[in-house]
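Notes follow once the structure below has been shown.
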Amino acid sequence: MSAGSGGAPAGSAPAGGRDRVLGAVRAAVRRDPAEAAVRRAEIEARIAAREVHVRPPVEGDLTARFAEKVALVASTFAPVKGVDRVSKAVADYLDEHGLGREIVVTTDPLVEQVRWSNEFAVARRAADPDDRVSVTGAFAGIAETGTLVFVSDRRTPTTLNFLPETHVAVLARDRLVPHLEDVWERLRDERADSPRTVNFITGPSRTGDIELQLEIGAHGPRRLHVLLVDV
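Okay, so the sequence shown: first residue is 439 according to the numbering used here, each after it adds one.
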């Protein structure tokens, strides 16, 4: 409904009534300034302490646990002995699925070390809807769940994680952590400013909303391949 000439929109409360309601709410939640200062100090101390809460045990070798969890969420996994072997590992995977040699990649420090074979057509940019394969670095991997963590910045456009049907993630072995909470510790320790986006990706995109039938690739990549690299 439209507002009348010079008046408030139909169905809305007069400005004076709104101010009275908001004033009553403020009065009801008003705290003593001394009490508010104590509560603020308690909250700031808790944040600074980074208290560790109960976490499920992640026992044994992190790599083995991570590989097991990756497989359980319909992703694939391959260890790579050094950055110099990443190009061949990507080529082998693409050949297995008949995906050709056109790839779009991030420019993060790990992927930038890869010396791509001349057989590849490599683009370094954000993803377009027509791109079929992306190769990106990952900020971290979580052994507890087989989750990959990606942060957004100029070198790692978020579109590369979601638009292409096939996503190859290159993860340095020393970026494996046991729990999700460990990722936040690394972000705080390694970055002065928080990234605009932190994506936690566990397996390829899927949905079971339609007649309870599992569909892979519903909202993003239908394939997620993880290369765990010794650097």
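Note that the Cβ used here is the ideal one computed from N, Cα and C, for glycine as well.
Small disclaimer: the values here were computed from a predicted structure and weren't measured.
{"Query": "Using the Cβ count rule (16 or more neighbours within 10 Å means buried), how would you classify histidine 605?", "Result": "buried"}
{"Query": "Tell me, which residues are paired with arginine 613 by DSSP?", "Result": "In the DSSP output, where bridge partners are listed per residue, arginine 613 has none listed."}
{"Query": "Label asparagine 599 either buried or exposed according to how many other C-beta atoms from any shown protein chain fall within 10 Å of its C-beta, with 16 as the threshold for buried.", "Result": "buried"}
{"Query": "Please state whether the Cβ-Cβ distance between aspartate 566 and valine 543 is less than 9 Å.", "Result": "no"}
{"Query": "Residues in the same chain with beta-carbon distance under 8 Å from alanine 640, minus the five sequence neighbours each way, listed in chain order, please.", "Result": "Here the sequence assigns threonine to residue 640, which means alanine is not the residue at that position. Same-chain partners within the cutoff: Val511, Thr583, Gly584, Thr585, Leu586."}
{"Query": "How far does the alpha helix (DSSP H) with arginine 484 in it extend, from its first residue to its last?", "Result": "471-487"}
{"Query": "Spatial neighbours of threonine 635 within its chain, please: CB distance less than 6 Å, with the 5 preceding and 5 following residues excluded, ordered by chain position.", "Result": "Ser590, Thr596"}
{"Query": "Roughly how many angstroms separate the alpha carbons of valine 615 and arginine 624, rounded to a whole number?", "Result": "9 Å"}
{"Query": "May I ask you to list the residues that DSSP assigns as paired with asparagine 556?", "Result": "BP columns for asparagine 556 are empty, so no partner."}
{"Query": "Is proline 659 buried or exposed, if buried means 16 or more other CB atoms sit within 10 Å of its CB?", "Result": "buried"}
{"Query": "Identify whether valine 664 lies in helix, strand or coil by the three-state DSSP scheme.", "Result": "strand"}
{"Query": "Within 10 angstroms of its Cβ, does leucine 460 collect 16 or more other Cβ (buried), or is it exposed?", "Result": "exposed"}
{"Query": "List the whole-angstrom C-beta distance separating serine 513 from histidine 663, where the pair is believed to meet the contact cut-off of C-beta under 8 Å.", "Result": "7 Å"}
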